[in-house]
Every structure is written in structure tokens, then in C-alpha cells.
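Engineer: There's a structure below that I have some questions on.
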Amino acid sequence: MDIKKIYMDADALLHGHFKLSSGNHSEYYLQSAKVLEDPKTAALLAGELAKQIREYGLEVDTVCSPAIGGLIAGFALASALGCRYIFTERVEGKMTLRRGFEVKKGEKILICEDIITTGGSAMEAAAEIEQLGAEVVGFAALANRGFCRREGSTLERKPNCKLPENRPFFALADFDFPMYPPQECPMCKAGSEAVKPGSRGN
Ligand code: ZN
2 MDIKKIYMDA DALLHGHFKL SSGNHSEYYL QSAKVLEDPK TAALLAGELA
52 KQIREYGLEV DTVCSPAIGG LIAGFALASA LGCRYIFTER VEGKMTLRRG
102 FEVKKGEKIL ICEDIITTGG SAMEAAAEIE QLGAEVVGFA ALANRGFCRR
152 EGSTLERKPN CKLPENRPFF ALADFDFPMY PPQECPMCKA GSEAVKPGSR
202 GN
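Here it is in C-alpha cells:
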């Protein structure tokens, strides 16, 4: 499956000069919501991800996503795996399980994002789930931004990856685009101004 092509066909792989949530600048931005606006594509991608997870032999009771980014990917994955689905959301900055969702002691939870960059939000969701007594058995995302190492990839794990090394991370592709701190950004040096994705119709 050519994930890059699927993203490009959906206008979800944006080209420009972007300011990412980490503060870094990039020439590319992945807008996964655009890929997932077609439920058939969402089901196709989640089906591939579910296949990887089954082949690995990972036992999953429940998929949990950090809102908002992971919501649709996580729901589609739970649907493909035939398991329960819950999500965490930020309340005054803290990732929290709300809306009457509960987890059981020892329940096996897979954390699912749309894209894993360094895995910060995924780890915040994992911390909340574990604090409630359930077990985080792995991580999943449609794509890996190139900092963490997904199962089956030769791409090395970078020091700023926050995912634990002792649990598997599943993704369909590596999108390893260069990112720059603003002071080292070649596009800034060339005089263009970085835009926050989502702020100008993207
Ligand atoms: Zn820049």
C-alpha cells in the first residue's frame, strides 16, 4: 500500500512552510483528517494496521486515542480489530479519561494516534490509562514522522522519541521529512514566513 500516494491524492500531504506544534519548521505537513474524511479510505488504512497488529500477535482489549488528532484513526482501528474504543481528552491541559469511560485493572490497551511525531500526546494518554490500572500493550498510528521506530522499519529511533522501547509501535509508513529549529530553517533564511497549519485554509 502506497501511503504517501494516498495522502497526496487526498491533498493531505501539504507543501509549504509550516510551523509545527513542536515549534520546529517543516516544508511538509500531514493533514490526516483529510485522508480520513473518506470513511472507505479510513477503513482501508485501519484494516492494514489491524493486519500488522494481528500478525504480530498482540492481544488488545481496547483501543484508546488522545483527542482530537487520534479520534478517527483510533475508531477505525478498533472497528477493524473488533474491539472496544475509548478516548482521552485534555482538561485544563491534562490528558483525562472522561464521559463515563472506564478501564479495568489489567485491561490491555493499545494507544492510537493519527501520526506519531515524538509520541508526546500518546504518552500522556498512556500515563492516564496506566494510572487507572489498565495495561498499555502498544502504540499505533497511520504514519510515523521519523522520530520513533515502528515495527518492520529500518529507520532508527531518535533520542527525542518518547515511546517506550519495550512496547511495539505499529504504523503503515515512515514520513521522515526534515524539520528545523526556526533559527536554522532554510525557508526562514530565504525570507519566507512559516504558517501554522490550519490557519490559512489548510
Ligand atoms: Zn522556517
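Residue numbers (my numbering): 2 to 203.
Every residue gets a Cβ at the ideal spot worked out from N, C-alpha and C, and that includes glycine.
Every value quoted in this text rests on a predicted model; they were computed, and no experiment measured them.
1) Just mark L78 as buried or exposed, buried being the case when its beta carbon has 16 or more other beta carbons within 10 Å.
2) Could you spell out the range, first to last residue, of the beta strand (DSSP E) harbouring V64?
3) Listed by chain order, which residues have C-beta atoms less than 5 angstroms from any heavy atom of ligand 1?
4) Identify which residue in A142, C186 and E166 has its Cα closest to the Cα of F176.
5) Does the region 14-32 come within contact of the region 68-83, defined as at least 3 CB pairs closer than 8 angstroms?
6) Run through the DSSP bridge pairs and tell me what I87 is partnered with.
7) From the DSSP secondary-structure annotation, give me the bridge partner or partners of A141.
8) So, using beta-carbon positions, are M96 and E60 closer together than 7 angstroms?
9) So, helix, strand or coil for M2, using DSSP?
10) Mapping DSSP to helix, strand and coil, what is E28?
11) Is the Cβ-Cβ distance between E108 and D39 less than 7 angstroms?
12) When the Cα atoms are used, what is the spatial distance from P187 to L15?
13) Starting from the C-beta of F102, find all residues in its chain whose C-beta is less than 8 angstroms away, skip the five residues before and the five after it, and write them out in chain order.
14) Locate the beta strand (DSSP E) running through K95, then write down its first and last residues.
15) Mapping DSSP to helix, strand and coil, what is L14?
Structural biologist: For this structure:
1) Its Cβ being crowded by 16 or more others within 10 Å, L78 is buried.
2) Unbroken beta strand (DSSP E) run through V64: T63 to P67.
3) H26, C186, M188, C189 and A195
4) A142
5) As far as the Cβ criterion goes, the region 14-32 does not touch the region 68-83, which means the pair count is below three.
6) C65
7) C113 and F171
8) no
9) coil
10) strand
11) no
12) C-alpha of P187 to C-alpha of L15: approximately 18 angstroms in a straight line.
13) Excluding sequence neighbours, F102 sits near I87 and F88.
14) K95 to L98
15) strand
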